[in-house]
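Let me begin by presenting the structure, written as structure tokens, before commenting on it.
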Amino acid sequence: PSNVKNGGSLTTDGTAIYALRGDGRKDFWRYSITDNEWDALNDTPGSVSKGGSLTSDGVRIYALRGNDKKEFWVFDPSEDSWTELPKTTKNVDAGGSLEYLNGTFYALRGGDKNDFWKY
Numbered sequence: 005p006s007n008v009k010n011g012g013s014l015t016t017d018g019t020a021i022y023a024l025r026g027d028g029r030k031d032f033w034r035y036s037i038t039d040n041e042w043d044a045l046n047d048t049p050g051s052v053s054k055g056g057s058l059t060s061d062g063v064r065i066y067a068l069r070g071n072d073k074k075e076f077w078v079f080d081p082s083e084d085s086w087t088e089l090p091k092t093t094k095n096v097d098a099g100g101s102l103e104y105l106n107g108t109f110y111a112l113r114g115g116d117k118n119d120f121w122k123y
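Residue numbers (this note's numbering): 5 to 123.
What follows is the structure, given as structure tokens:
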């Protein structure tokens, strides 16, 4: 893959590693541990930058766009496709982060704010 900057993020679904490039780009990749190869996947719906973050529920990949935006997306690896989810209530920026545990999403807003969300 290309150089990774602000908003770059990694997650795994337990079989592969997924990566956002960040840097105001839409690039999205999958790394096969068994094949030691990177594959370019369909681009994210919008450019990802500061606060971009990934997590997985073990099947799908979820992303916060960051970049002082509210976009929240889900990626289906079996279809190589993105779907937009309901937006966050406030913009996510530098320091934004996303995690999934036991059916619940947890997110930090970033942007020098102390907002912590549970979905």
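Every residue gets a Cβ at the ideal spot worked out from N, C-alpha and C, and that includes glycine. Small disclaimer: the values here were computed from a predicted structure and weren't measured.
Residue burial classification, residue i (beta-carbon count within 10 angstroms, cutoff 16)
i: V63; result: exposed
i: I37; result: exposed
i: S82; result: exposed
i: S6; result: exposed
i: D97; result: buried
Between the CA atoms of residue j and residue i - distance to the nearest angstrom
i: P102; j: F120; result: With the sequence shown as reference, residue 102 is identified as Leu, and Pro is not the correct amino acid for it. Approximately 10 Å between the Cα atoms of the pair.
i: N10; j: D72; result: 12 Å
i: S85; j: D116; result: 32 Å
i: G12; j: T108; result: 23 Å
i: G100; j: D39; result: 32 Å
i: E41; j: F32; result: 14 Å
i: W77; j: K91; result: 9 Å
i: T48; j: T19; result: 21 Å
i: I65; j: G55; result: 16 Å
i: R34; j: L45; result: 7 Å
i: A23; j: T16; result: 9 Å
i: S89; j: N95; result: In the sequence as displayed, the identity of residue 89 is Leu instead of Ser. In a straight line, the C-alpha of L89 is about 14 Å away from that of N95.
i: T87; j: D80; result: 8 Å
Local conformation of residue i per DSSP, three classes
i: D84; result: coil
i: T16; result: strand
i: A111; result: strand
i: D39; result: coil
CB-CB length for residue i against residue j, believed under 8 Å
i: S51; j: K30; result: 6 Å
i: K122; j: Y104; result: Between Y104 and K122 the Cβ distance is about 11 Å, and since that is not below 8 Å, they are no contact.
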